[in-house]
Every structure is written in structure tokens, then in C-alpha cells.
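Student: Residue numbers (our numbering): 390 to 471. Ideal placement from N, C-alpha and C gives every residue a C-beta, glycine not left out. From a predicted model like this one, the values you see are computed outputs, not experimental measurements. Once you've had a glance at the structure underneath, I'll fire off some questions.
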């Protein structure tokens, strides 16, 4: 994931949260630069999986809407009178 596709303010907040997490859980102090590097690596490793999961969720939502449209079209069909 390149820097342009991830909002700068979000990167900063997440980096600070990573710093706090490492400090609280592992008594490990790192700087903001290191935290942003860790975030970059995490995004590189996990990003494709998260992106693909998002695509699958969007596809499932779209398919539900398509099913609703198909149901609506079926209800509009005119049946010949017997």
C-alpha cells in the first residue's frame, strides 16, 4: 500500500497507537518513525488479505441487492390470463 492511498492523519494516529501498544504490552519503547515503519510492514503483509476480504464483502452485498432487484422484476411480470 503506498503512502498516497492511506490518509496521513490516520497513519499518525495508528503509529501512536502502535507505540502505546508496544509500550504497554511489551515494555518496548519505539519512536514514531519506527512505528510508522512497522505500520508500513504490517500493511504490506496484511493489506492484500484485508483488501480481498473487503472485496468479498462488497461482492456479497452487491449480490444481495441483485437478488432483490431480480425478485422485484419477477413481481412485475405479467401473467397471461387463463
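(1) From which residue to which residue does the alpha helix (DSSP H) around residue 451 run?
(2) Taking 8 Å as the threshold (C-beta atoms), are residue 402 and residue 428 in contact?
(3) Compute the distance between the beta-carbons of residue 444 and residue 424, then report whether it is under 8 Å.
(4) Can you name the start and end residues of the alpha helix (DSSP H) that residue 406 belongs to?
Tutor: So, to answer that:
(1) 421-465
(2) no
(3) no
(4) 397-415
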